[in-house]
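Using full-length UniProt numbering, read the sequence shown as starting at 1 and increasing by one per residue.
Inspection log for the structure reproduced underneath, given as structure tokens.
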Amino acid sequence: MFSSLSNFKVSSSHQPPFFTNPSIELFPSDSNAGTSDELYNASPHAPTSSVEDDLPTGNALDNFEPSSSSSSVSPIDSTNELVVPSSSHPTWVRNPPNYLPMQDELQALENSRTWDLVDLPAEKSLISCKWVYKIKTRSDGSGKRYKARLVAKGFTQEYGIDYEETFAQVARFTSVRSLLAIAAMRRWKLFQMDVKNAFLNGDLEEEVYMKPPPGFNHPPSKVCRLRRVLYGLKQSPRAWYVKFSTTVSEFGFTSSPHDTTLFIRKTAQGMVLLLLYVDDIIITRDDVIGLEVTSSDDVYLLSQVKYASDLISKAKLNDGKSVSTPLEPNVKLTPMDGSPLSDPTRYRQLAGSLVYLTMTRPDIEYTVHIVSQFMAAPRSTHYAAILHIIHYVKGTLFHGLHFSTNSSPVLRAYSDAD
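Printed below as a string of structure tokens:
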């Protein structure tokens, strides 16, 4: 099942891979863009723009005309003039053709009626929000585009007041692999779709008030009463999952008892399988012509070459040597090995990235499981083990999961002596 992409015949399709998570881009490709955690204050007025899948080229401001709203309840006010962002913004945001992502985001918020402008009731608290910017590419590094996201500061929410339940289902990697194996065995086609502004579809049950966002012109003393969940709220992932599962159930889908993010619809014409991973959806069925994965005549190959390359760059190991094993022989890590790390953040980031990589790299799964046990208090020897795994990934960059149409549907399990 596990094979190398270097010996794999690639199809002529130029379509993007069937399984990507473009909303979670780990490593920006533009050094001027800053990090996704940085906060930049937007201009004091809210522009509007039509929402497009890709950013427009040229200076779209030449033909910009603000729209008006006739709603009796004050939703997002779209009657403001455009003001160029200040020098505190990233370089690409200050370039007029490129700060349209902020307009797109505000327009999406308006289209979904995310909030109403109201007076703050007595004894009600306010949460804040911020702009987060990102440069996104496809999984192969092509197709650079700019994105702006308005994010609520959910860490200021109070349990029992601003939120209750927060748990949301996410597809297991084993479910992804199983779905691909079934599709390969039965020669089903696969395609992928990404739900734009997915969380804005979720309904907010709690009464939450938010300060108007940076770059949004609003009447004095008015605040935002949220009608929809906003990115950053603690209950956002759960609200989106509830909305999605409720909607697809109306079309005859039922969730699997083994993984509730896998939805199945059986009819006289055939069966449809739908797997939800946050806001990405993989769909397959016996007679659907969709996106091709990397494939040859009788096999599919699932890999994460660019993701692994970005991880190597993040660890600054581009010039490092590769190793032949994920972990040094006879090494046993314990909680007290080595000296404590002054800042465990980098360790946790690299470990989390490796966990995501195990979706297509079961050869590192056990070793990643070991180093993940020390997230709370990592030490120098644990960090060295993390780097060793990445050195191994560097030498096996083009490895991935190999699914054959000749695979047997019989499930086989393996274990060691104990």
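Where a beta carbon is used, it is the ideal one built from N, C-alpha and C, also for glycine.
Whole-angstrom Cβ separation of residue i and residue j, contact assumed at under 8 Å?
i: GLU105; j: LEU150; result: 6 Å
i: THR405; j: MET185; result: 6 Å
i: LEU299; j: TYR392; result: Correcting the residue identity first, residue 299 is Val in this sequence and not Leu. That belief does not hold up - the Cβ atoms of VAL299 and TYR392 are roughly 24 Å apart, past 8 Å.
i: HIS382; j: LEU333; result: 6 Å
i: PRO340; j: ALA377; result: 7 Å
i: LEU190; j: THR284; result: 5 Å
i: TYR231; j: PHE251; result: Not confirmed; about 26 Å, so no contact.
i: PRO335; j: PHE398; result: Incorrect: roughly 35 Å between the Cβ atoms, too far for contact.
i: LEU311; j: LEU357; result: 7 Å
i: GLN157; j: LYS234; result: 5 Å
i: PRO214; j: LEU117; result: Incorrect: roughly 16 Å between the Cβ atoms, too far for contact.
i: ALA152; j: ILE127; result: 6 Å
i: LYS136; j: LYS124; result: Actually they are not in contact, since the Cβ atoms of LYS136 and LYS124 sit about 36 Å apart, beyond 8 Å.
Relative to the ligand ZN, is the shortest distance from any of its heavy atoms to the C-beta of residue i smaller than 6 Å?
i: ARG172; result: The model depicted lacks the ligand ZN and carries no ligand whatsoever.
Residue i: which of the options sits nearest, CA to CA?
i: VAL331; options: VAL229, ASP259, PHE191 and THR367; result: THR367
i: PRO222; options: GLU123, THR358, GLY232 and TYR209; result: Inspection of the sequence shows that residue 222 is occupied by Lys rather than by Pro. Checked all of GLU123, THR358, GLY232 and TYR209; the closest Cα to LYS222 is TYR209.
i: ALA171; options: ALA148, VAL248 and SER256; result: SER256
i: CYS224; options: LYS234, ALA181 and PRO212; result: PRO212
i: SER407; options: PRO121, ILE182 and ILE127; result: ILE182
i: LYS243; options: TRP188, LEU311, GLN169 and ASP297; result: GLN169
i: ASP337; options: GLN107, ALA351, ALA308 and SER380; result: SER380
i: TYR132; options: PRO101, ILE264, GLN235 and SER112; result: Note that residue 132 is Val in the sequence shown here, rather than Tyr. The candidate whose alpha carbon is nearest that of VAL132 is PRO101.
i: THR267; options: ASN197, PHE253, ALA122 and THR260; result: PHE253
i: GLY154; options: CYS129, LYS144, THR174 and GLU164; result: CYS129
i: SER313; options: GLN107, SER142 and LYS394; result: LYS394
i: LEU275; options: SER178, SER142 and LYS306; result: SER178
i: TYR307; options: GLY141, LEU327 and LEU233; result: GLY141
i: VAL355; options: PHE173, LEU327, GLY143 and SER112; result: PHE173
i: LEU327; options: ASP363, ASP297 and GLU165; result: ASP363
i: THR360; options: LYS136, LEU262, SER175 and LEU226; result: SER175
i: LEU226; options: SER309, TYR163, LYS144 and SER353; result: TYR163
i: ASN217; options: LEU273, GLN103 and GLY143; result: GLN103
i: GLU207; options: THR396, ASP194, GLY143 and TYR159; result: TYR159
i: LYS321; options: ALA385, ILE370, ILE390 and ILE282; result: ILE390
i: ASN197; options: THR261, ARG187, SER245 and SER112; result: SER112
i: TRP188; options: THR261, LYS144 and LEU273; result: LEU273
With a 10 Å radius around its C-beta and 16 neighbouring C-beta atoms as the bar for buried, classify residue i as buried or exposed.
i: VAL278; result: buried
i: PRO75; result: For PRO75, the pLDDT reaches just 43, beneath the cut-off of 50, and the residue's location in the model is therefore unreliable, leaving the point undetermined.
i: VAL410; result: exposed
i: ASP280; result: buried
i: ILE161; result: exposed
i: PHE403; result: buried
i: GLN192; result: buried
i: ILE24; result: At ILE24 the pLDDT is 36, less than 50, meaning the model places this residue with poor confidence; the figure from the coordinates comes in the next sentence. It counts as exposed.
i: PHE167; result: exposed
i: ARG228; result: buried
i: ALA122; result: exposed
i: ASP416; result: exposed
i: GLY400; result: buried
i: residue 495; result: This structure does not reach residue 495, given that the chain is present from 1 up to 418, and the question cannot be answered.
i: LYS134; result: buried
i: LEU350; result: buried
i: VAL73; result: Low local confidence applies: a pLDDT of 38 at VAL73 is under 50, so the model's placement there is unreliable, with the coordinate-based value given in what follows. It is exposed - the Cβ of VAL73 has fewer than 16 other Cβ atoms within 10 Å.
i: residue 423; result: This structure gives no information on residue 423, because the portion of the chain shown stretches from 1 to 418.
i: ASP259; result: buried
i: THR247; result: exposed
i: SER249; result: exposed
i: SER71; result: In this prediction, SER71 has a pLDDT of 35, which is less than 50 and means its spatial position is unreliable; what the coordinates show is noted afterwards. SER71 should be labelled exposed.
i: TYR414; result: exposed
Tell me residue i's beta-bridge partners as DSSP assigns them.
i: LEU180; result: None, per the DSSP bridge assignment.
i: TRP131; result: LEU150
i: THR254; result: ILE264
i: SER404; result: VAL299
i: SER270; result: The displayed chain sequence assigns Gly, not Ser, to residue 270. BP columns for GLY270 point to THR267.
i: ILE161; result: Its beta-bridge partners do not exist; DSSP assigns none.
i: GLN192; result: ILE282
i: LYS222; result: ASP119
i: PRO329; result: According to DSSP, which records beta bridges pairwise, PRO329 is partnered with nothing at all.
i: PRO340; result: ARG379
i: MET210; result: ILE127 and CYS224
i: residue 460; result: As shown, the chain starts at 1 and ends at 418. That puts residue 460 outside it, with no answer to give.
I'd like to know whether the C-beta of residue i is nearer than 7 Å to at least one C-beta of chain B.
i: GLN157; result: Given the protein chain composition of this structure (a single chain), no chain B is represented.
**Asked** Is the stretch 230-249 in contact with the stretch 192-209, if contact means three or more CB pairs nearer than 8 Å?
**Response** yes
**Request:** Could you say if the stretch 337-344 and the stretch 312-321 meet the contact criterion of at least three C-beta pairs nearer than 8 Å?
**Result:** no
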